[in-house]
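Heads up, the thing below is written out as structure tokens.
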Amino acid sequence: TDYTDLQVTVFISAIGRFITTNAAEAHTQGFEFDGRWAITDAFTLGFAGAFASEAVYDAYDGASCNSLEAKSVPPPCRADRSGVSLPYAPDWTLSLNPDYRFVVGSNFELIVGANVRFSDGYWISDNEDPRNEVDSFERVDLRIALAPQSGRWEAAIYGRDLTDERLTVGAQPDFQHKTSDPTLYDAFGNTRERGRRYGIQFNYNFGE
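So the sequence shown is numbered by the numbering used here: it starts at 488 and just counts up by one.
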């Protein structure tokens with residue numbers, strides 16, 4: 488897939504603001520797949536994956552510098568990111584979703600489901616700051632639910648991010664802390680997922 492006039496958000500360190508600009512040209516190449524396999528009447532396996540042989544900016548001159556580059560270049564610092572990988576574009580991802588259901592007693596059903604996700608590493612921004620790189624990971628979510636066969640209600644317990652990956656989902660300069668140079672926002676903050684957590688759920692169907 489080819490893109491032209493692709494809009495991106497860049498940070499201008501000299502003024503401490505984000506602006507929206509065009510990244511000119513980019514392209515992606517690869518394939519995706521997904522499916523669901525009914526192994527038995529009670530056990531199904533969902534699966535999905537993507538393989539990206541290429542996901543890069545073809546032409547992106549005028550991108551913002553990261554804080555490491557800006558230290559050695561007078562503001563406003565600009566960089567040519569042509570050939571740089573697109574953010575959030577790992578080379579491959581794979582997810583498996585097993586789901587097992589079995590009867591408990593004469594009127595209830597127990598459902599055990601999981602979401603197992605594997606991913607290659609990727610960037611969360613296009614400025615090539617090494618602090619913006621996410622390593623490859625494996626993440627597991629699990630859910631166990633009990634429900635009557637009528638489907639009137641469902642009670643469940645769940646665990647998310649059982650491998651405690653605490654994935655980085657965002658990164659930005661810390662606007663409250665500057666270096667000795669007032670044009671450089673060198674302090675850095677990452678936004679991460681909450682990590683391993685557990686909970687309970689209850690659903691009730693008020694319909695007929």
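Even glycine gets a Cβ: it sits at the ideal position worked out from N, Cα and C.
- Every alpha helix (DSSP H) stretch that sits fully inside the segment 507-571 and reaches 4 residues is listed by chain position as 554-557.
- Residue pairing by DSSP places GLN688 opposite ALA643 in a beta bridge.
- Fewer than three Cβ pairs drawn from the segment 566-574 and the segment 588-604 lie within less than 8 Å of each other, which leaves the two stretches out of contact.
- A Cβ-Cβ contact shorter than 8 Å links ASP628 with ARG647.
- Excluding residues up to 5 positions away in sequence, ASP521, SER582 lie with their Cβ nearer than 6 Å to the Cβ of ALA535 in the same chain.
- Looking only at LEU493, GLY549, SER637, ASP651, the smallest Cα-Cα distance to GLY682 is reached by ASP651.
- In the structure shown, ASN614 falls within a coil segment according to DSSP collapsed to helix, strand and coil.
- Per the DSSP secondary-structure output, ASP489 pairs in a beta bridge with HIS514.
- Restricting attention to beta strand (DSSP E) runs no shorter than 3 residues, the segment 583-609 encloses them at 595-606, ordered along the chain.
- In the DSSP assignment, PHE624 forms a beta bridge with SER606.
- Here VAL543 is buried: its Cβ has 16 or more other Cβ atoms, across all protein chains shown, within 10 Å.
- With a 10 Å radius around the Cβ and a threshold of 16 neighbouring Cβ atoms, ASN677 comes out exposed.
- PRO585 sits close to LEU532, with the two beta carbons spaced by under 8 Å.
- Going by C-alpha positions, SER606 is about 9 Å away from ARG626.
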